[in-house]
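So the structure is just underneath, and the comments pick up after that.
Below is the structure:
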């Protein structure tokens, strides 16, 4: 249950070469503890670069990353410990599977932490359960699993490290709608039962509106907005300005507003819309 | 990892870039032969001049060429050193205890330096800097096509080379991704004994090989869907035709070779034995 804080952080791709690009530009950010935070932005807005700052896979060129108030780069030699505390599930994580069995693969992280066999066994089963992975699959080869199962196995591999902060980069990319819903439901259940801090990166506004308490909007390597869900969606116009896909229901409400109906853009679920409509019609 | 730019092709618009790649392959072979024909001081001067001419014709920045020479710098210095101190001759220039430097040694060192440098500049200017890898494989396929009569699968080899070249950047990127993912799980590639470090590569190599096989299969299916069936009856999108101007460099290099042979017969100046 840790708090992540970024202070005036900047990062350049290809620093010192003629192709230098400023990927992150003066980021000030707080990821509140014990909540699900959504990180939204376009492709190329710097989301994936930013999450690699969280666990020290990339080192910022300027600024600091604070985990519970301590700069993670204070002792660069112990950066591995930070990676166990901030678990990062990369995009398309199923490509990292390599062991003979799913259980062994999930155990890779805990084993790197130097834990005992018994502890590892407990954690593997716990992580598999959280990721929604059937126990019968644990002894199979990871290469025999379906796409969705592989994704779960990879997520379990990070959860097994029992990270204080769990970061997932596009956890539902490339899955069918049912697979998406299941993955997100598992993440929400994991967060509720462990109370840990979770960050989800996505460009899908619908998913973000549904699952995240707190939102961070990125554009062009900068944080454009951050705040709770109601705050962000009450500024839906601003979201469409930077070209983000706002939820269908919000779009509908904005359109009604243009046509003179007394509604606003701060509505992001169908239930809210129904309530608003009923109120307008005086029922 | 991303800094590994594959090949050294340097895009520019020059006579050498526009020259037919098949001619360039032939020229390279001839140029290598020429550099070994050199035996005396005038022919080496001629060789050096031709290398400078190539640099001028290729419009490649001198900085890039010098960077290309850097990996062989050690070899250059080492051979020059050996030649200066170990060549025995008649004209003693400097002698102190066991160190004896002869004029012949200095000549030999200079000749070797010029030969290696021009070889690298010549092949670089004619091929690697000015020809894209794809154009190069196409040219090799054309030049080797007579071997088809002997049932050598020339087209398949060229296609294999093209595909291999095409996938180098893709696989580099993939390696990078897998390494980052395993690092996020606490993998450590920089510490421990040699055995431990070799073992640390397993979590990278297995996913990489698996994905390479998957890609190969996808590519094979995609090619079959487009009715690829080998080189038989296959035509190219761009058909290269030799123009008159393509033969001018060929004539120039042949002229260079001829004059080098002539110089060897006449034996001007200091001649290497």
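Protein chains in written order, with the working numbering: chain A, 1 to 283; chain B, 284 to 556. We put the CB at the ideal spot given by N, CA and C, even for glycine.
Below 8 Å on the Cβ atoms is my contact criterion, and I expect residue i with residue j to pass it. Report the Cβ-Cβ distance as a whole number of Å.
i                     : j                     : result
residue 245 (chain A) : residue 229 (chain A) : At roughly 16 Å, the Cβ-Cβ gap does not stay under 8 Å, so residue 245 (chain A) and residue 229 (chain A) are not in contact.
residue 161 (chain A) : residue 87 (chain A)  : 5 Å
residue 487 (chain B) : residue 462 (chain B) : 6 Å
residue 174 (chain A) : residue 92 (chain A)  : 7 Å
residue 218 (chain A) : residue 4 (chain A)   : With a Cβ gap of about 15 Å, residue 218 (chain A) and residue 4 (chain A) do not count as contacting.
residue 323 (chain B) : residue 539 (chain B) : About 15 Å separates the two Cβ atoms, so there is no contact after all.
residue 330 (chain B) : residue 321 (chain B) : 5 Å
residue 84 (chain A)  : residue 163 (chain A) : 7 Å
residue 403 (chain B) : residue 347 (chain B) : Between residue 347 (chain B) and residue 403 (chain B) the Cβ distance is about 12 Å, and since that is not below 8 Å, they are no contact.
residue 352 (chain B) : residue 400 (chain B) : 7 Å
residue 153 (chain A) : residue 145 (chain A) : 6 Å
residue 45 (chain A)  : residue 179 (chain A) : Actually they do not touch by this definition, with Cβ atoms about 25 Å apart.
residue 138 (chain A) : residue 128 (chain A) : 6 Å
residue 405 (chain B) : residue 318 (chain B) : 7 Å
residue 49 (chain A)  : residue 24 (chain A)  : 6 Å
Which partner residues does residue i have in the DSSP bridge list?
i                     : result
residue 218 (chain A) : A:41, A:223
residue 6 (chain A)   : A:29, A:65
residue 385 (chain B) : B:375
residue 22 (chain A)  : A:12
residue 36 (chain A)  : A:198
residue 299 (chain A) : An answer regarding residue 299 (chain A) cannot be provided, because it is not within the stretch 1 to 283 covered by chain A.
residue 166 (chain A) : A:87, A:198
residue 228 (chain A) : A:214
Do residue j and residue i count as a contact pair if the criterion is CB distance below 7 Å?
i                     : j                     : result
residue 340 (chain B) : residue 384 (chain B) : no
residue 131 (chain A) : residue 158 (chain A) : no
residue 250 (chain A) : residue 231 (chain A) : no
residue 108 (chain A) : residue 526 (chain B) : no
residue 444 (chain B) : residue 414 (chain B) : no
residue 201 (chain A) : residue 22 (chain A)  : no
residue 207 (chain A) : residue 51 (chain A)  : no
residue 102 (chain A) : residue 142 (chain A) : yes
residue 34 (chain A)  : residue 195 (chain A) : yes
residue 41 (chain A)  : residue 82 (chain A)  : no
residue 491 (chain B) : residue 458 (chain B) : yes
residue 266 (chain A) : residue 234 (chain A) : yes
residue 447 (chain B) : residue 396 (chain B) : no
residue 342 (chain B) : residue 295 (chain B) : yes
residue 257 (chain B) : residue 528 (chain B) : The displayed coordinates of chain B run from 284 to 556. Any statement about residue 257 (chain B) would go beyond what the structure contains.
residue 247 (chain A) : residue 209 (chain A) : yes
residue 287 (chain A) : residue 97 (chain A)  : The question about residue 287 (chain A) has no answer here: the residues shown for chain A are numbered 1 through 283.
residue 198 (chain A) : residue 191 (chain A) : yes
Is the closest heavy atom of the ligand FMN to the C-beta of residue i under 6 Å?
i                     : result
residue 389 (chain B) : With respect to the ligand FMN, the structure shown offers nothing to examine, as it has no ligands at all.
So that I know if they touch, is there some Cβ in chain D lying closer than 7 Å to that of residue i?
i                    : result
residue 84 (chain A) : Looking for chain D here will not work: the only protein chains present are A and B.
(message) Along the region 138-150 of chain A, where does the CB come closer than 8 Å to a CB of chain B? Name the residues.
(response) 143
(message) With three or more C-beta pairs closer than 8 Å as the rule, is the region 19-32 of chain A touching the region 438-457 of chain B?
(response) no
(message) Counting beta carbon pairs with one atom in the region 403-420 of chain B and one in the region 292-307 of chain B, are three or more of them shorter than 8 Å?
(response) yes
(message) Using a Cβ-Cβ cutoff of 7 Å, what residues of the region 89-114 of chain A are near chain B? List them in chain order.
(response) 90, 93, 95, 96, 97, 98, 108, 109, 112, 113
(request) Determine contact between the region 53-68 of chain A and the region 8-22 of chain A, defined as no fewer than three beta-carbon pairs at a distance below 8 Å. (result) yes
(request) Scan the region 72-84 of chain A for residues whose Cβ lies nearer than 7 Å to a Cβ of chain B and list them as they occur along the chain. (result) 80, 83, 84
(message) Assess contact between the region 386-401 of chain B and the region 362-374 of chain B, defined as three or more Cβ pairs (one per stretch) separated by less than 8 Å. Is contact present?
(response) yes
(request) Inspect the CB distances between the region 73-83 of chain A and the region 444-453 of chain B and report whether three or more fall short of 8 Å. (result) no
(request) With 7 Å as the C-beta to C-beta threshold (strictly closer), list the residues of the region 55-67 of chain A near chain B in chain order. (result) 55, 57
(message) Can you pull out the residues from the region 466-489 of chain B whose beta carbon lies closer than 9 Å to at least one beta carbon of chain A?
(response) 466, 467, 468, 469, 470, 471, 485, 486, 487, 488, 489
(request) Below 8 Å between beta carbons is the criterion; list the residues of the region 152-182 of chain A that meet it against any residue of chain B, in chain order. (result) 157, 158, 161
(message) Under 8 Å, CB to CB, which of the residues in the region 330-361 of chain B have a partner in chain A?
(response) none
(message) Under 8 Å, CB to CB, which of the residues in the region 438-470 of chain B have a partner in chain A?
(response) 457, 460, 461, 463, 464, 465, 466, 467, 468, 469, 470
(message) Taking beta-carbon pairs under 8 Å, can you tell me which members of the region 492-506 of chain B lie near chain A?
(response) 493, 494
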